[in-house]
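Once you know that position 21 of the sequence shown is 31 in my numbering, the rest is easy, because the numbers rise by one and skip nothing.
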Amino acid sequence: MCETGMGDAVARQSPRLSVRRASRLFRGFNFPLASNDNSLVETIHLRARECMTPAANIARMSPDGTQLLSDAPADKGEGPVPKLLGLSGLLLLGSVALILRLHNLGARSIWYDESFSAMIARLRWSQFVLTLWNREGNMAFYYFLLHFWEQLGSNPVFLRSLSVIFSVAALPMTYLLGTRLFDRRTGAVAAWLLAINAYDVRYAQEARSYALVVLLSILSTWFLARNLQQSSRAWGAYTTTNVLLVYSHFFGGLVIIAQLLSLLLLPRAAVPWRSVGRSLFWFAVFVIPVPLFIIRLGTDALKWIPQPDARQVLDALAVMAGNGGRTLLMLSAVSLLIAGFRGWQTWRSRQSVCERWPYALIFAWLIVPIAASLLASYAQPFFVTRFLIFCLPALLLGVAAGITQLRPSALAVALFLAISMFALTGTVAAYRKGLDDTDAVGDWPAASSYIFEHAQPGDGIFFFLTLGRVTFEYYRSQRSPAQVWPEALYAPNESELGWKDFVNLPLGDVLAHTRPASERVWVVFIRDDPNGARPSRASVVTRAVFAKNRHAIAERKFRGLTVMLFSRDLDEHSALLLQPAK
11 MCETGMGDAV ARQSPRLSVR RASRLFRGFN FPLASNDNSL VETIHLRARE CMTPAANIAR
71 MSPDGTQLLS DAPADKGEGP VPKLLGLSGL LLLGSVALIL RLHNLGARSI WYDESFSAMI
131 ARLRWSQFVL TLWNREGNMA FYYFLLHFWE QLGSNPVFLR SLSVIFSVAA LPMTYLLGTR
191 LFDRRTGAVA AWLLAINAYD VRYAQEARSY ALVVLLSILS TWFLARNLQQ SSRAWGAYTT
251 TNVLLVYSHF FGGLVIIAQL LSLLLLPRAA VPWRSVGRSL FWFAVFVIPV PLFIIRLGTD
311 ALKWIPQPDA RQVLDALAVM AGNGGRTLLM LSAVSLLIAG FRGWQTWRSR QSVCERWPYA
371 LIFAWLIVPI AASLLASYAQ PFFVTRFLIF CLPALLLGVA AGITQLRPSA LAVALFLAIS
431 MFALTGTVAA YRKGLDDTDA VGDWPAASSY IFEHAQPGDG IFFFLTLGRV TFEYYRSQRS
491 PAQVWPEALY APNESELGWK DFVNLPLGDV LAHTRPASER VWVVFIRDDP NGARPSRASV
551 VTRAVFAKNR HAIAERKFRG LTVMLFSRDL DEHSALLLQP AK
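Have a look at this one:
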């Protein structure tokens, strides 16, 4: 194999390097040397010049003759002391990241989507599989892991701590990926920026699959880079990671598309296409259920996504950059421009493939998924920032590459400190104000407490959106002792949740299968107020159905929710409910 020292030896030779001597130096290559092959001598000189590049990034031959990207070189000063300092730095980085992710972990109440995660994880296996197939296949792998994690605890802090583990585990993998693609400094800077990034911290504190998706996207890219840089049998690991990535979130497939596009920019001989093809074949086999699931359910579950505009995209990028406002976004853009300029230089000067490909990879990883979701939004809106969180490592790797490429070093340090300062400020601000609309979704803790505190034996409850029962049952399970009343009037699987509870049905179908109402009925309106300025027809119909032969004796408004109580008789207890909320 061609190594740095060998390249230096060749470079010191005269331009008229003898073929015999070159044959001895390049004996590791599996091709014959003819004494009159001048073109081959030129090829050898080219390989020697490639070996002289700072990163010693060259193409080398695998045993079957396919060229592979060389391993990322060890930094100067390799030895026990630098290794110890690197390990200590990673431990310190992990400690900072853990503190940021554990801080205020239980401050936010479990919201709509998180309650789905918790309750799906509790289902019996038969109902679990049916729920995935009929509604929630998008995060199947995360639900599978959460099923076992939830056995140990179900309070908000414990549920979310699984995502904290995934998020912290992504830091050393970011360092390793940055080191493999560029150098240790770039890997360390990227890991630091990920540790303090407000958006990563926010979704490390969510009982959803987003932190897992970030980790798997980094692992997938690391396996790809490793397989290209050395003759490896790790293509199976790459395939497995990609399959798990897609089953953690369907949008994760965009990462794989971006990776393949970056490979198309490499010389054909530099990519082991046979191994790549095998990997893609097995990947396609294992994800066959995904397109079937999407075709079967259609896009009804995405109707809540608004059509994106330029302002929304800009705000999304600002939040993903670290919630530091336009200033942090501009500083990150400057770093990306520096990295992009360096990448353009490597392509323009025709440097070795390993010098060029990392830039192509990270920019494809960052741009392709966002561009694809925006283009698809012309037909059906797909652009949701958290769905694209797997672009965050690419963004921060690009920023880190720009910082470390900047000269003089004083400017690089200044840029690094400025970005770090605004990123930390953004994280602190996120604790206080939140980052997106998920922080302002219905106040279920207050609404459920109000209902449980005033419910009587025999009471029934109806949810204007049937999916609301899932969240309500989660908060019922958190009460000690568990409270039986009120009972759900629409309960397709009787007292326990089943897969039909996770499917949002038309109001007419739900009312047709609702048990006869009891004397007192609680009705929960979600994102719709029947007494508001613009009530939907469905909410008006729902109110009319339960107001028949009953009185609306109480109404309380909570953030995103309206709770009404209908009763046939106005007793003393019901009269108390008519008092205004404190």
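Virtual Cβ for every residue (Gly too), placed ideally from N, Cα, C.
Query, Result
"Pairwise C-alpha distance: G147 and A343", "36 Å"
"Selection from R560, Y485 and T476 that minimises the alpha carbon distance to L521", "T476"
"N-terminal and C-terminal residue of the beta strand (DSSP E) that K567 is part of", "H561 to F568"
"Buried or exposed by the 16-neighbour rule on C-beta atoms within 10 Å, applied to Q317", "exposed"
"Beta-carbon proximity check, A331 vs L338, cutoff 8 Å", "yes"
"Unbroken stretches of the alpha helix (DSSP H), 4 residues or longer, contained in the region 264 to 331", "283 to 296, 299 to 307 and 320 to 331"
"Nearest candidate by alpha-carbon position, reference T437, set R352, V106 and S98", "V106"
"Separation of I380 from L398, as counted between CA atoms", "7 Å"
"Reduced DSSP category for T476 - H, G, I as helix; E, B as strand; rest coil", "coil"
"For A498, the residue or residues it bridges with in DSSP", "I471"
"Nearest neighbour of T184, chosen from T250, V174 and L226 [CA to CA]", "L226"
"Delimiting residues of the beta strand (DSSP E) encompassing V573", "L571 to S577"
"For T481 and W509, believed in contact at Cβ under 8 Å, the rounded distance", "About 17 Å; that fails the 8 Å criterion."
"Among Y213, F373 and W495, the one whose alpha carbon lies nearest that of D469", "W495"
"Spatial distance of L172 from A247 (CA atoms)", "22 Å"
"Contact belief for S383 with F393 at Cβ below 8 Å, rounded distance in angstroms", "5 Å"
"Through-space distance from I305 to D446, alpha-carbon basis", "30 Å"
"Validate contact between the region 238 to 257 and the region 424 to 435 using beta carbons, cut 8 Å, 3 pairs", "no"
"Coarse secondary structure for F168, derived from DSSP in three states", "helix"
"Contact under 8 Å by Cβ, P403 with L204", "yes"
"Residue of L376, T250 and G353 minimising C-alpha distance to E365", "G353"
"Through-space distance from L103 to A201, alpha-carbon basis", "8 Å"
"Classification of P282 by the beta-carbon crowding that lies within 10 angstroms, buried from 16 upward", "buried"
"Cβ-Cβ distance between T534 and F474 below 8 Å", "For clarity, residue 534 is Val in the given sequence; the question names Thr instead. Contact flag set, yes."
"CA-to-CA distance, D123 to R396, given in whole angstroms", "13 Å"
"Local Cβ density within 10 Å of V167, reported as buried at 16 or more and exposed below that", "exposed"
"F126, buried or exposed, once every other Cβ within 10 Å from all chains shown has been counted against 16", "buried"
"Cut-off 6 Å between Cβ atoms - residues of its own chain near H157, not counting five sequence neighbours on either side", "A131"
"8 Å Cβ cutoff met for I536 and E497", "no"
"Helix, strand or coil at R530 [DSSP, three-state]", "strand"
"Alpha-carbon spacing of Y460 relative to V286, whole angstroms", "57 Å"
"Beta-carbon gap between V223 and V253 smaller than 8 Å", "no"
"Limits of the alpha helix (DSSP H) - the one that N333 falls within", "Counting along the chain, N333 falls outside any alpha helix (DSSP H), and DSSP gives it neither H nor E."
"DSSP beta-bridge partners of F594", "Within the shown structure, residues of the chain are numbered from 11 to 592, placing residue 594 beyond reach of any answer."
"4 or more residues per run - each alpha helix (DSSP H) lying fully within the region 95 to 139", "122 to 132"
"T356 beta carbon less than 8 Å from that of R195", "no"
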